[in-house]
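Residue numbers (our numbering): 1 to 251. Glycine included, every Cβ here is placed at the ideal spot set by N, Cα and C.
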């Protein structure tokens, strides 16, 4: 009931033209919501989101996040709104408070989502560190293979702008090899092979690209994509051979 009343007052406050009156009404709403937050109910997430959204406008400053659940609730809300910078901040806060959470699978999910939010907020280098760490240290987790692919994607993003490309490529190759060796028959291993093939195509190393792509499982859903990339490689080799007069070698 307190939540529904608060939502009505928030709507009324947003319609007020006078900023002073708006602030005064929102301040009362925040007090009510903080009282409601102390109760153990199924509405905690929505209460926290409202407090987070309007506390600054009420003149209360930033709401202090004191528990793991509060940080996760706000991070989830930010993810829904595609505010990945805020999601990263709140997931990071949740990991700082992780000792409060006893469920291993929930902690693993938060750690994985942190890496996703980092990559989506443009923090590819941080995402690479988070995702690779998770994939290597929690390799028995159901999320570990996906985290390895996330690390590969982050490494590729870092590679594009890196000054020291050789070092980033070494790290990329390491996580690709780890993914293939750890889960050789999973789709994520094929994702790793394709990512390596794409990198080699960009670098102009077509034989290495083809070697990686040819290892993709023929039963994989990604096999058709792989054949398309292999076709591009063969075509580029053919075009080069025409120019150099070495068509026999291309054949």
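Separation of residue j from residue i, as counted between CA atoms
i	j	result
residue 79	residue 112	13 Å
residue 170	residue 1	57 Å
residue 185	residue 91	32 Å
residue 18	residue 24	10 Å
residue 158	residue 11	44 Å
residue 207	residue 114	37 Å
residue 243	residue 180	37 Å
residue 31	residue 48	12 Å
residue 27	residue 5	14 Å
residue 146	residue 70	26 Å
residue 252	residue 238	For the chain, the structure presents residues 1 to 251; residue 252 sits outside this window and is missing.
residue 205	residue 129	27 Å
residue 148	residue 202	21 Å
residue 226	residue 178	20 Å
residue 117	residue 235	38 Å
residue 151	residue 81	24 Å
residue 142	residue 45	26 Å
residue 167	residue 173	10 Å
residue 77	residue 42	15 Å
residue 103	residue 96	15 Å
residue 105	residue 183	20 Å
Same chain only: Cβ atoms within 8 Å of residue i, ignoring 5 sequence neighbours per side
i	result
residue 98	68, 107, 110
residue 121	84, 85, 87, 88
residue 233	201, 206, 209, 210, 213
Contacts around residue i, its chain only, beta-carbon distance under 6 Å, and the 5 residues preceding and following it disregarded
i	result
residue 101	68, 107
residue 119	127, 154
residue 144	135, 138
residue 125	158
residue 13	22, 25, 26
residue 16	22
Host alpha helix (DSSP H) of residue i (start-end)
i	result
residue 130	124–137
residue 156	144–161
residue 164	Premise fails: residue 164 is in no alpha helix (DSSP H) and is neither H nor E.
residue 74	68–80
residue 10	2–14
Nearest-angstrom Cβ-Cβ length linking residue i and residue j, presumed shorter than 8 Å
i	j	result
residue 33	residue 51	5 Å
residue 194	residue 132	In fact, because the Cβ distance is near 18 Å, the residues do not count as touching under 8 Å.
residue 199	residue 213	Residue 199 to residue 213, Cβ: 11 Å. No contact.
residue 72	residue 94	5 Å
residue 187	residue 221	7 Å
Same chain only: Cβ atoms within 7 Å of residue i, ignoring 5 sequence neighbours per side
i	result
residue 197	209, 212, 213, 229
residue 190	216, 217, 220, 222
Complete alpha helix (DSSP H) runs within the region 198–229 (minimum length 4 residues, chain order) = The qualifying runs are 206–213.
Return the chain-ordered ranges of every alpha helix (DSSP H) run that is complete within the region 83–111 and spans a minimum of 4 residues.
-> Taking only runs of at least 4 residues, the alpha helix (DSSP H) segments lying wholly in the region 83–111 are 84–96.
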